[in-house]
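These notes concern the structure reproduced below.
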Amino acid sequence: VAAGLAVAGYNENLFRAQAAREAQVQADILAASLTAALAFDDADAAQQYLNALSANPEAEAAGLYSSSGALLSGYRRDSSQTLPLKAVARPHPSVDGQLVVTAPVVQAGVRLGSVYLRIQAEPLSRRVLRYAAIGLLGVMASLVAVILGAANTAQRRANRALEQANEALQSLKQDRINGA
């Protein structure tokens, strides 16, 4: 059980690190894609790139910010989502499974602005449920092994008892044949 908990904890840390790396890579790709739109002040192109995030069900919100930090364009999965009005220098740590990352938009070494991306990672409750289901399967497999072992032992005992009873009957039969 302790080993299982240790493995689950280790996997959870790996999951968080992987999710953070994936979110940062997606923000970096988005920033690279938005370079021309920001350089040429093309709000329509910027909005199209941001709207493409709708293909990612984990993307909740994204924003493109100018070099002065003003919000130029944004994407929100639903209207209840909000974006910071000013560029975020240091995103807050992940809360409730949300990862927030930023990436600079750079062209020829000049910072044109930044990208803000908020991702909804798989909720902890769902991951815990998955680990619990795997643990339950392990417990069930162990119980099957124990029950099969116990049944095998009981069958051997019953076979020994039957063999002894058969030997006793054979001996009694032999005694009757000899005594007659």
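Numbering (my numbering), first residue to last: 84 to 263.
Even for Gly, the Cβ is constructed at its ideal location relative to N, Cα and C.
Please read these numbers as outputs of a predicted model, since none were measured by experiment.
In the DSSP assignment, G196 is bridged to S149 and V188. Contact between Y132 and V171 fails: their C-beta atoms lie close to 19 Å from each other, not under 8 Å. Counting along the chain, the unbroken beta strand (DSSP E) around G157 starts and ends at L154 to R159. Under the Cβ criterion (8 Å, minimum of three pairs), the segment 178-196 counts as touching the segment 87-107. The Cβ atoms of L113 and A129 do not sit closer than 7 Å to each other. In terms of Cβ geometry, A86 and Y214 do not form a close pair [threshold 7 Å]. If you look at L133, you'll find it in the alpha helix (DSSP H) that goes A126 to N134. In the assembly as shown, Y93 is an exposed residue. Its beta-carbon has fewer than 16 other beta-carbons within 10 Å.
Taking the C-beta atoms as reference points, R194 is found nearer than 7 Å to S150. DSSP places L168 outside both helix and strand once states are collapsed to three, so it counts as coil.
It is roughly 15 Å from the alpha-carbon of L154 to the alpha-carbon of P174. For E143, the number of other beta carbons within 10 angstroms of its own is at least 16, and it is reported as buried. In this structure, G157 lies near L166, with their beta-carbon atoms less than 7 Å apart.
DSSP places G180 outside any alpha helix (DSSP H), giving it a letter other than H or E. For E143, the secondary structure class from DSSP, reduced to helix, strand or coil, is strand. As for any beta strand (DSSP E) of minimum length 3 sitting wholly inside the segment 227-256, there is none. Under the criterion of beta carbons closer than 8 Å, V188 and L121 qualify as touching, at roughly 5 Å.
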